[in-house]
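Have a look at the structure below, then the notes.
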Amino acid sequence: MLDASPSTRSKAGAPDDERVIKLAVLAVGGQGGGVLADWITDVAERNGYVAQSTSVAGVAQRTGATIYYVEMCRDTGRLPVFALSPSQGDVDILIAAELMEAGRAIIRGFVTPERTTLIASSHRIAAVSEKIEPGDGRASSAKVHATAEAAAKRFIAFDMEKIAADNGSMISASLLGALAGSDALPFSRESYEQAVSAGGRGVKASLAAFGAAYDRARGIASAPSGDKTAQPAAAETRSGAATKVSGPESLLKGWQQLAARVAALPAPVHDMALRGLKKVVDYQDIAYGGEYLDRLDRAVVLDDAEHAYALSIAAAKHLANAMCYDDMIRVADLKTRSSRDRRVRREVGVKDGSVLQVTEYFHPRIEEFCGTLPAGLGSYIESRPMLAAFLDRRINRGRHIRTDSFAGFAALWFIGGLRRWRRRLLRHKVETAHIERWYALALGQVGEDYALGTEILNCRRLIKGYSDTHARAQSKFDRVLSVLDLVKGRPDAADWTRRLREAALKDEKGDMLDGALKTVASLGDGDVPSS
Amino acid sequence: MAERSFAKEVEKLRLGAGEEFSGEGILAITKALLQCGVGYVGGYQGAPISHLMDVLADAQDILGELGVHFEASASEATATAMLAASVHYPIRGAATFKSTVGTNVASDALANLASGGVTGGALIIVGEDYGEGSSIMQERSHAFAMKSQVWLLDPRPNLPSIVKAVQDGFELSEVSNTPVMLQVRIRCCHVHGHFIAKDNKRPAMTVADALEAPRRDTGRIVLPPASFLHEKEKVQKRWPAAVDFIRTNKINEFFGPEHGSVGIVMQGGMYNSVVRALQRLGLADTYGDTDVPLYVLNAVYPLVDDEFLSFCEGKDAVLVVEEGQPNYIEQAFAAMLHKAGRGTRLVGKEHLPMAGEYTGQVMLDGIGSFLRATIPHLLPSEVRAPNKIGDGLDTADLINVVPGRPPGFCVGCPERPIFAATKLVEQELGKHHIASDIGCHLFSIMPPFELGATTMGYGLGPASASAFNSPDAKRRSISFVGDGGFWHNGLTSSIGNAVFNKNDGVIVIVDNFYSAATGGQDILSSRAGNKTKSTKHPITEAVKGMGVKWLRHIDRTYDVTKMQDTLREALTTDEKGPKVIVASSECMLNRQRREKPLVDKAIKGGTRIVKPKFGVDEDICTGDHACMRLSGCPSLSVKSLDDPLRDDPVAHIDQSCVGCGNCGEVADAAVLCPSFYRADVVHNPSRWDRFLEAARRATISLLQRRRESRRLIFADA
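Rendered as structure tokens:
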């Protein structure tokens, strides 16, 4: 009764074999979390357990974060009272079907160091908010990994999506394999496999994915502590120097001369310079590679080992990108290469005996048209708005071009062939002038403020996209550099430039940038020494 | 045709006495209806009760054998009005819908039904969508029970209890001549469990029998003077009958010791969470055996005064666990104690939050706080004085890392291009007032589209823009309504209203061939044939019939340019009156479910099939993500390149792409970039295909070799 002394049902009072095991699955709608929960329930029941699963189905599931919840207890003949949703600090096994969902589970308190086995697929499904930033808006996977290590009793993470895909199955199968391999539930491998087989659809592929994930999880589970996570294989970056080059003898000779010039540069610059060179030569020709190195040399002479050649490396990178501006010729060239055909076939997975048809989406405007005309003619048209508008009405519309058909391919092949005359075209003139202005501006700063010079080079990252997007990017680039006069001479000038650039990459219109610009302007009123 | 096939579940409806039923809560309710000899069932789909409708729709054979009439009602009002069949005839009937949205719609019929009362048992099964995962306004169905004076059952969330509640509900309805609402929460509907089945019962009187022998009784019709008598009858006859039934049949349950200084009263639906909290506080075991007296209200309206007062006998304090607000039950109990002059202290919302879902943590905190305040000596020491607060883990940093993941449009959704076009038109003509509606299309309010200012109810999108009709404004309003909402009541409330009031706004009807958000049920304008329902009634015809003069039909929403042109025209034309655009393309989720198996089979069978997929040329993509700001498609994502020259990730289309065409169309309409391509794979090509390909590839590779032999080739380029 209630009136005397503390209850005899102490917290750990349930005998071990009457303890309720609590398991939650956090997934992204469409990943098959329901199938997984059904399998787990089935496995539990096959092993003489009473189990209950719940979910929140409906429109809330569509591509959003969802939770499935399973409770189970050894069947003693009496029905346990199960809860219908997971509680903070009261989850034994947490399965996250995507890495950020593991993070969400930790935030929601479903992962506790003294009891929770956290099984997570380390792959990422970017949320909409991560995808729409003009820069790189993706969340830090490392942060989630690190927190999960601390937050969970055991953390088993590897790319279960890839295992599923490699075996022609869905992630629910590899998640189940990881659960089985983790030994977090007292059930045999066979009983899991029976549950999968009973499902009846795609059994072979599911079992293969299950098995692969089982082995992988087992390897991690048995590894000594401290090494309890599967470390994602370090991304192997191919060295720029390892490139194989082939082609006509005369061109190869030219290439070797250019490569020799790179070899003569300070060692820290080699990799980026060689990559840049390759890109530029591939874009245009050997001579263009020479121009690239000439420009690069102008940075190198101003540079030194004390600064770790940061300026030259930035120059090597951004010069290459700037010199390989995206024009119609470039696009047509890339789309008509044999390597591109092979890549599309590989990505789409065209099997023997099937036929591939490829449609390209172009929408040329008068700007692109004029850019591809000889500089004189192009400027002539551009300076006559009536004429430009007249022509635009004829040009400006979407064109769907079939590059598997001869006519479509030939049209692009022809445009790609204009490469030989590129130097005489309007776009080249405009771009070259822009590059020179930007580059001279950057190098001009180096003597006074090395870091600022480097940051100005880095601002080139802002320029990207086509048509309107390109115009907006250009405007952001101009706006960022417009504050140079304000920040010049400040010790944190480079910092401000970097901050402005980062703000510019946050949203489409540049609202964040405008805010940051206002801050900089207010700085100018206060403590900037007048120069 | 619903999103899922329920052929397997339908078989469970045939289980006989003594056999074990295993499955979802909502299916258990469906089976219970048949066991109770229900004569007719109707309802309107919506989570969490869609599966009840879907299973019955697939179970026509069984229903036919039993003589049960099933109706996929046009709205919740229709479903509730259908219960009129139980007014004069002793036929049991059931209606089901999502609540409180459905109950809102149903309330006209509900009030009339409740006034006249019923002869046959009338059961309204409401899926209470409150708390996590809910997609509607947060309200309680309880208020509807009180205002119309219908009884409300809220059984413990396990299969045997909810099955019993169905049986109890019919009986209660019959003895008290009152409709009964049975409330089941979202997780209870989807809980997997077991119960021992009984045989299905043929209704004692079928609707056919009733049709052959019509009855009437003026006293049951809502018109004075009968309506005044109804009001008295409710409190003088029906209420006492209900209370008596609940008491006699022990509908409410008691657990734990008979005596104690404190006790907890709860809605039946809260029972499991209360027990879980007690388990964690060391006051209950796995099976719910507890040291604290519990009073479980499986019937939450009406309350049984003497039952409650006797529970309070000898107790110093009683906690009421009542989810949501206002706290009607707590208030009623407080009044009972006060009037009875009892000294027991009643607490509730002091310890538990006034609003919001009672999650495990909330329950643990609330009940823990109550017990620490009243009987601390009974709590285990670690509960009474925990050594640490919280789990000591700092997740503050992580909150800034982990991105939100609200629901959104599916891969290949045909509604995506409609909103891409709208966004593009707004870029051209400026921002407009946009009224949204209920349905998948409401996802437009979130990134990347961020379109839409209000949502006022199902089918009420255009109605909610009706005030914005002014000759002084140069801009028009835009409003959206889905095909589901259109047929639910949008045709009259929105379209008819706009015609009659000469509204000058633009109305977009999003027609995806199904009631898609609720699980892909058929509606009047569905294009598929349906054995038991009449489909293929075009929305355009209905709109014309309503008197709309300016009407455009877009039969492929993926044509973003056309969508954009049409919207622009609608917003700028000189024509007066509502401008209606019907934008039609099949829901991709349902289309894939329908087509994928057929396509796979056809490919295996050797038929020529063209399968589209989109791709991105990563060396042409500059990583500005403009395409994603007009898409948000799960299959279009970002990917890092193994190239130090490139800072920003590029666009990438994964294997889940269904080749809907939005990417290419958007790139075209918004003049984005030429990096998208569509790859059509022709499976089992014809001879002509193969001949053409061979010829094309020969000539193309000739050109390629010619150019590539004259330039440097970088191995990984």
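Going down the list, the protein sequences come from chains A and B. Here the first sequence is numbered in my numbering, starting from 1 and rising by one per residue. Here the second sequence is numbered in my numbering, starting from 532 and rising by one per residue. All C-beta atoms, glycine included, are put in the ideal place defined by N, C-alpha and C.
| query | result |
| --- | --- |
| Secondary structure of B:Y889, DSSP reduced to three states | coil |
| Straight-line Cα distance separating A:A322 from A:I435 | 7 Å |
| Within 7 Å, strictly: CB atoms of A:L481 and A:A473 | no |
| Alpha-carbon spacing of A:Q445 relative to A:V56, whole angstroms | 59 Å |
| Cutoff 7 Å: B:E861 Cβ touching any chain D Cβ | Among the chains of the structure shown, chain D does not appear; the protein chains present are A and B. |
| Opening and closing residue of the alpha helix (DSSP H) in which B:T953 lies | R947 to L960 |
| Inter-stretch contact (C-beta, 8 Å, three-pair minimum) for the stretch 132-142 of chain A and the stretch 169-178 of chain A | no |
| Ranges of the beta strand (DSSP E) found wholly within the stretch 386-445 of chain A, counting only runs of at least 3 | 399-402 |
| Chain B within 7 Å of A:H428, Cβ atoms only | no |
| Length of the line joining the Cα atoms of B:V1147 and A:K253 | 34 Å |
| Near-chain A residues of the stretch 1121-1138 of chain B (beta-carbon distance less than 9 Å), N- to C-terminal order | none |
| Interfacial residues, the stretch 967-986 of chain B to chain A, with Cβ spacing under 8 Å | C971, F974, M977, P978 and P979 |
| Reduced DSSP category for B:K562 - H, G, I as helix; E, B as strand; rest coil | helix |
| With 16 other Cβ atoms within 10 Å as the buried cut-off, status of A:S182 | buried |
| Interface flag, B:F864 vs chain A, CB-CB below 7 Å | no |
| Bounding residues of the alpha helix (DSSP H) (the contiguous stretch that carries A:V480) | S467 to L481 |
| Opening and closing residue of the beta strand (DSSP E) in which B:I1009 lies | I1009 to G1013 |
| Assigned exposure category for B:R1122 - 16 Cβ within 10 Å defines buried | buried |
| Coarse secondary structure for B:M712, derived from DSSP in three states | strand |
| Beta-carbon proximity check, B:C1152 vs B:S1206, cutoff 7 Å | yes |
| CB contact below 7 Å: A:A234 versus chain B | Low local confidence applies: a pLDDT of 41 at A:A234 is under 50, so the model's placement there is unreliable, with the coordinate-based value given in what follows. So, not an interface residue. |
| Proximal residues, the stretch 81-97 of chain A versus chain B, C-beta separation under 8 Å | V81, F82, A83, L84, S85, P86, S87, Q88, G89 and D90 |
| Check whether B:C843 and B:V851 have beta carbons under 7 Å apart | no |
| Contacts of B:Q576 in chain A (Cβ-Cβ under 9 Å) | Ordered by position in chain A, no residue passes the 9 Å Cβ test against B:Q576, which lies about 10 Å from the chain. |
| Beta carbon proximity, A:K362 to chain B, threshold 7 Å | One detail in the question is off: residue 362 of chain A reads as Phe in this sequence, not Lys. Taking Cβ atoms only, chain B reaches closer than 7 Å to A:F362, which makes this a yes. |
| A:A316 vs A:L334 beta-carbon contact at 7 Å | no |
| Presumed contact (8 Å Cβ cut-off) between B:S1046 and B:G1078, rounded CB distance | So it is not a contact: roughly 25 Å between Cβ atoms. |
| Length of the line joining the Cα atoms of B:T1071 and B:A590 | 32 Å |
| Partners in chain B for A:W413, counting only beta-carbon separations shorter than 7 Å | L1234 |
| Under 7 Å between C-beta atoms of A:K153 and A:P113 | yes |
| Within 7 Å, strictly: CB atoms of A:G371 and A:L418 | no |
| Cβ shell of B:V1113 (< 6 Å), same chain only, five flanking positions each side left out | I1040, D1042, I1070, T1071 and H1084 |
| Bridge partners - B:E551, DSSP secondary structure assignment | B:I727 |
| Proximity of B:V774 and B:P833 at Cβ, strictly below 7 Å | yes |
| Residues bridged to A:R154 (per DSSP) | A:T117 |
| Cross-chain neighbours of B:N803 in chain A, by beta carbon under 7 Å | V81, F82, A83 and L84 |
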